[in-house]
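Asker:
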Amino acid sequence: MPSTPEEDAVKSADEPAAAAAVPDEEIAPALRRHHGNGPVFFVIGAIFAVLCAIGWGYSVMSYTGLGGGVYHQVITSSVKSPGEVAVSYEVNSRDGAVCLIRALDERFVEVGQRSVTTEPGNHMVSTTVETVRQASTVEVASCREQGSQD
102 MPSTPEEDAV KSADEPAAAA AVPDEEIAPA LRRHHGNGPV FFVIGAIFAV
152 LCAIGWGYSV MSYTGLGGGV YHQVITSSVK SPGEVAVSYE VNSRDGAVCL
202 IRALDERFVE VGQRSVTTEP GNHMVSTTVE TVRQASTVEV ASCREQGSQD
(Lines of atoms letter the chains of each structure in order from A and count residues from 1; the text may use other names and numbers.)
(Lines give C-alpha, C1' and ligand atoms only; values in the text may rest on other atoms or scores of the structure.)
Protein backbone atom coordinates (compact mmCIF):
# COMPACT_ATOMS: atom_id res chain seq x y z
CA MET A 1 0.00 0.00 0.00
CA PRO A 2 1.48 3.37 -0.99
CA SER A 3 2.07 5.93 1.74
CA THR A 4 0.16 9.19 1.96
CA PRO A 5 1.79 12.60 1.53
CA GLU A 6 1.39 13.24 5.27
CA GLU A 7 3.28 10.06 6.14
CA ASP A 8 6.01 10.97 3.65
CA ALA A 9 6.39 14.39 5.32
CA VAL A 10 6.65 12.79 8.75
CA LYS A 11 9.23 10.26 7.53
CA SER A 12 11.32 12.93 5.81
CA ALA A 13 11.24 15.08 8.97
CA ASP A 14 12.38 12.13 11.11
CA GLU A 15 15.09 10.81 8.82
CA PRO A 16 17.45 13.86 8.82
CA ALA A 17 17.37 13.94 12.61
CA ALA A 18 18.22 10.26 12.78
CA ALA A 19 21.00 10.65 10.21
CA ALA A 20 22.45 13.69 12.00
CA ALA A 21 22.43 11.96 15.37
CA VAL A 22 25.98 11.01 16.26
CA PRO A 23 26.65 8.59 19.11
CA ASP A 24 27.86 10.17 22.36
CA GLU A 25 31.03 8.09 22.23
CA GLU A 26 32.16 10.05 19.17
CA ILE A 27 31.31 13.53 20.56
CA ALA A 28 32.73 13.18 24.08
CA PRO A 29 36.35 12.41 23.10
CA ALA A 30 36.39 15.38 20.72
CA LEU A 31 35.21 17.73 23.46
CA ARG A 32 37.71 16.28 25.91
CA ARG A 33 40.53 16.77 23.43
CA HIS A 34 39.49 20.38 22.77
CA HIS A 35 38.58 21.53 26.32
CA GLY A 36 40.55 19.14 28.49
CA ASN A 37 39.25 16.55 30.90
CA GLY A 38 39.43 18.69 34.05
CA PRO A 39 36.78 20.93 35.63
CA VAL A 40 38.49 24.14 34.48
CA PHE A 41 35.35 25.89 33.22
CA PHE A 42 33.40 24.91 36.33
CA VAL A 43 36.11 26.30 38.63
CA ILE A 44 36.39 29.54 36.64
CA GLY A 45 32.59 29.95 36.67
CA ALA A 46 32.41 29.27 40.41
CA ILE A 47 35.15 31.83 41.14
CA PHE A 48 33.39 34.41 38.97
CA ALA A 49 30.06 33.78 40.76
CA VAL A 50 31.68 34.15 44.20
CA LEU A 51 33.37 37.42 43.17
CA CYS A 52 30.08 38.79 41.81
CA ALA A 53 28.27 37.86 45.05
CA ILE A 54 30.97 39.52 47.18
CA GLY A 55 30.89 42.70 45.05
CA TRP A 56 27.10 42.88 45.16
CA GLY A 57 27.09 42.35 48.94
CA TYR A 58 29.69 45.06 49.45
CA SER A 59 27.73 47.55 47.34
CA VAL A 60 24.50 46.83 49.24
CA MET A 61 26.19 47.14 52.63
CA SER A 62 27.92 50.43 51.76
CA TYR A 63 24.83 52.11 50.21
CA THR A 64 23.75 55.10 52.31
CA GLY A 65 20.93 56.34 50.12
CA LEU A 66 20.55 59.45 48.03
CA GLY A 67 19.60 61.69 50.96
CA GLY A 68 22.92 61.48 52.74
CA GLY A 69 22.93 60.92 56.47
CA VAL A 70 19.63 62.67 57.28
CA TYR A 71 16.51 60.62 57.94
CA HIS A 72 13.04 62.06 58.51
CA GLN A 73 9.53 60.76 59.10
CA VAL A 74 6.22 62.62 59.38
CA ILE A 75 4.41 61.74 62.61
CA THR A 76 1.26 63.92 62.45
CA SER A 77 -0.21 66.69 60.35
CA SER A 78 -3.37 68.72 60.76
CA VAL A 79 -5.17 71.68 59.23
CA LYS A 80 -5.43 74.46 61.83
CA SER A 81 -7.29 76.94 59.60
CA PRO A 82 -7.77 77.61 55.87
CA GLY A 83 -4.50 79.56 55.93
CA GLU A 84 -2.35 77.39 58.20
CA VAL A 85 -1.35 73.73 58.69
CA ALA A 86 0.68 72.07 61.44
CA VAL A 87 3.10 69.15 61.13
CA SER A 88 5.15 67.10 63.59
CA TYR A 89 8.03 65.05 62.28
CA GLU A 90 11.15 63.28 63.48
CA VAL A 91 14.62 64.15 62.15
CA ASN A 92 17.86 62.26 62.74
CA SER A 93 21.09 63.86 61.50
CA ARG A 94 24.77 63.98 62.44
CA ASP A 95 25.49 67.66 61.80
CA GLY A 96 22.06 69.28 61.94
CA ALA A 97 19.67 69.56 59.03
CA VAL A 98 17.60 71.96 56.97
CA CYS A 99 14.19 70.49 56.12
CA LEU A 100 11.76 71.78 53.49
CA ILE A 101 8.10 71.41 54.51
CA ARG A 102 5.46 71.62 51.76
CA ALA A 103 1.70 72.04 52.09
CA LEU A 104 -0.45 70.70 49.23
CA ASP A 105 -4.11 71.12 48.37
CA GLU A 106 -6.52 68.36 47.30
CA ARG A 107 -5.12 68.46 43.73
CA PHE A 108 -1.53 68.21 45.02
CA VAL A 109 -0.75 71.82 44.09
CA GLU A 110 1.73 73.45 46.46
CA VAL A 111 -0.04 76.09 48.54
CA GLY A 112 2.73 76.79 51.07
CA GLN A 113 6.26 75.90 52.10
CA ARG A 114 8.67 76.54 54.92
CA SER A 115 12.32 75.78 55.60
CA VAL A 116 13.14 74.57 59.13
CA THR A 117 16.61 74.22 60.67
CA THR A 118 17.21 71.48 63.27
CA GLU A 119 20.03 70.64 65.68
CA PRO A 120 22.26 67.56 65.33
CA GLY A 121 20.86 64.31 66.72
CA ASN A 122 17.41 62.76 66.86
CA HIS A 123 14.67 65.36 67.38
CA MET A 124 10.89 65.69 67.22
CA VAL A 125 10.04 68.93 65.43
CA SER A 126 6.63 70.63 65.39
CA THR A 127 6.03 73.57 63.08
CA THR A 128 3.31 75.39 61.16
CA VAL A 129 3.18 76.41 57.51
CA GLU A 130 1.19 79.37 56.23
CA THR A 131 -0.83 78.62 53.10
CA VAL A 132 -2.52 80.70 50.39
CA ARG A 133 -5.63 78.50 50.55
CA GLN A 134 -6.70 75.42 52.50
CA ALA A 135 -4.24 72.55 52.34
CA SER A 136 -5.20 68.89 52.50
CA THR A 137 -1.79 67.36 53.19
CA VAL A 138 1.65 68.30 54.48
CA GLU A 139 4.92 66.60 53.63
CA VAL A 140 8.58 66.86 54.52
CA ALA A 141 9.85 67.26 50.97
CA SER A 142 13.55 66.99 51.84
CA CYS A 143 16.06 67.18 54.67
CA ARG A 144 19.72 67.97 54.00
CA GLU A 145 22.80 68.35 56.14
CA GLN A 146 23.43 71.96 57.10
CA GLY A 147 25.88 73.58 54.71
CA SER A 148 25.16 70.98 52.01
CA GLN A 149 25.33 72.29 48.44
CA ASP A 150 23.53 69.28 46.87
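Numbering (the numbering used here) for the sequence shown: 102 to 251. Virtual Cβ for every residue (Gly too), placed ideally from N, Cα, C.
Give me the Cβ distance between residue 174 and residue 218, rounded to the nearest whole Å; I'm assuming they're in contact under 8 Å.
Answerer: Walking along the sequence shown from the start, residue 174 turns up at place 73. Walking along the sequence shown from the start, residue 218 turns up at place 117. Rounded, the Cβ-Cβ distance is 18 Å, inconsistent with contact.
Asker: I'd like to know whether the C-beta atoms of residue 238 and residue 185 end up nearer to each other than 8 Å.
Answerer: As a working note, residue 238 is residue 137 in the sequence shown. As a working note, residue 185 is residue 84 in the sequence shown. No, the pair does not count as a contact, with Cβ atoms beyond the cut-off.
Asker: Under the DSSP definition of a beta bridge, which residues are partnered with residue 208?
Answerer: Stepping through the sequence shown from its first residue, residue 208 is reached at position 107. Paired residue(s): none; residue 208 is not in a bridge.
Asker: Cutting at 6 Å between CB atoms, please list the residues of its own chain near residue 227, excluding the five before and the five after it.
Answerer: Start at 1 with the first residue of the sequence shown, and residue 227 comes out as number 126. So the qualifying residues of the chain are 189.
Asker: In its own chain, which residues sit with a C-beta less than 7 Å from the C-beta of residue 212, not counting the 5 before and 5 after it?
Answerer: The residue labelled residue 212 in the question sits at position 111 within the sequence shown. Excluding residues within five positions, the ones whose Cβ falls inside 7 Å are 204, 205, 206, 232, 233, 234 and 236.
Asker: Using alpha carbons as the reference points, say which of 230, 244 and 164 lies closest to residue 182.
Answerer: The residue given as residue 182 occupies position 81 in the sequence shown. Residue 182 has its Cα closest to that of 230, out of 230, 244 and 164.
Asker: Would you kindly check if the distance between the Cβ of residue 194 and the Cβ of residue 156 is under 8 Å?
Answerer: Residue 156 sits at position 55 when you count from the first residue of the sequence shown. Residue 194 sits at position 93 when you count from the first residue of the sequence shown. Result no, Cβ atoms of residue 156 and residue 194 do not sit closer than 8 Å.
Asker: Per DSSP, what kind of secondary structure is residue 222 in: helix, strand or coil?
Answerer: Here the question's residue 222 lines up with position 121 in the sequence shown. Residue 222 falls in the strand class under three-state DSSP.
Asker: Buried or exposed: where does residue 153 fall if 16 or more other Cβ atoms within 10 Å of its Cβ makes it buried?
Answerer: Here residue 153 corresponds to residue number 52 of the sequence shown, with the count starting at 1. When all chains shown are included, residue 153 counts as exposed.
Asker: Classify residue 269: buried if its beta carbon has 16 or more other beta carbons within 10 angstroms, exposed otherwise.
Answerer: Residue 269 is absent from the model: the chain starts at 102 and stops at 251.
Asker: In terms of residue numbering, what span does the beta strand (DSSP E) encompassing residue 163 cover?
Answerer: What you label residue 163 is simply residue 62 of the sequence shown in a count that begins at 1. No beta strand (DSSP E) holds residue 163; the alpha helix (DSSP H) holding it covers 141-163.
Asker: Here's the rule I'm using: 16 or more other beta-carbon atoms within 10 Å means buried, otherwise exposed. How should residue 198 be labelled?
Answerer: In the sequence shown, the residue the question calls residue 198 occupies position 97. By the neighbour-count rule (16 or more Cβ atoms within 10 Å), residue 198 is buried.
Asker: Let me make sure I understand the geometry here. Which of 244, 224 and 140 has the alpha-carbon closest to that of residue 201?
Answerer: Mapped onto the sequence shown, residue 201 falls at position 100. That would be 244, whose Cα lies nearest to the Cα of residue 201.
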